[in-house]
Amino acid sequence: MKTIYLLNGPNLNLLGKRQPEIYGHETLADVERDCTALAQGLGLGLVAFQSNHEGAIIDKIHEARDRAAAIVINPGAFTHTSIAILDALNAFDGAVIEVHISNVHKREEFRHHSYVSLRAEGVIAGLGTEGYKAAVRRIAQLVA
Ligand code: DQA
């Protein structure tokens, strides 16, 4: 069975509690549960991981090289700063979809640039936590 790695970066462990007017009321556990069920229905496995540490996310992307067909990643603020996460994704051969819960283009200027977008097959922003499920559905098409 092909596997998706669902990776979330810093502060996304606080989903549902952190700035709900921007990020909504669903928790990361809700997102991971819904995406796991959706992936299973599409015949895919899903491994969920969140970290507040750049190196831990990079280690997980390295692990995905041998274990995953695709990565869905919300790198949080590392989106806008991390060449190291971009480099790790460039060393991964499968499909990559970048997700942002908020519409980063409607927010501060510093959120408008993404290093990860240089690698991603697709970018989803502003669909709330639905964006993760849209990404899983797209991955199912890409890896079919
Ligand atoms: C975010 C947008 C980023 O700019 C921010 O730093 C986050 C979350 C989003 O999902 O909308 O932590 O990636």
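In the numbering used here, the protein residues as written are -8 to 135. By construction, the Cβ of each residue, glycine as well, lies at the ideal position given by its N, Cα and C atoms. Because the structure is a prediction, the values reported are computed rather than measured.
Would you say the beta carbon of residue i comes nearer than 8 Å to a heavy atom of the ligand DQA?
i: Ala68; result: yes
i: Val90; result: yes
i: Ser93; result: yes
i: Arg24; result: no
i: Ala75; result: no
Report yes if the CB atom of residue i is closer than 9 Å to the CB atom of residue j, and no otherwise.
i: Glu45; j: Phe69; result: yes
i: Val87; j: Leu80; result: yes
i: Ala47; j: Ile(-5); result: no
i: Ile76; j: Gly119; result: no
i: Lys(-7); j: Val134; result: yes
i: Ala18; j: Gly7; result: For the record, residue 18 in the displayed sequence is Thr; it is not Ala. The answer is yes: Cβ separation under 9 Å.
i: Ala125; j: Gly34; result: no
Is residue i buried or exposed, if buried means 16 or more other CB atoms sit within 10 Å of its CB?
i: Pro11; result: exposed
i: Gln138; result: Coverage of the chain is limited to positions -8 through 135, which leaves residue 138 absent and any answer about it impossible.
i: Leu52; result: Here residue 52 is Ile; the residue named in the question, Leu, does not match the sequence. Under this definition Ile52 is a buried residue.
i: Arg58; result: exposed
i: Ala20; result: exposed
If contacts are defined as beta-carbon pairs under 8 Å, then residue i and residue j qualify, I think. What distance do you get, rounded to the angstrom?
i: Val142; j: Val127; result: Outside the displayed span of the chain (-8 to 135) sits residue 142, for which this structure offers no information.
i: Gly117; j: Asn94; result: 3 Å
With a threshold of 9 Å between beta carbons, is residue i in contact with chain C?
i: Glu99; result: Judged by its chain identifiers, the structure shown contains no chain C, having just a single protein chain.
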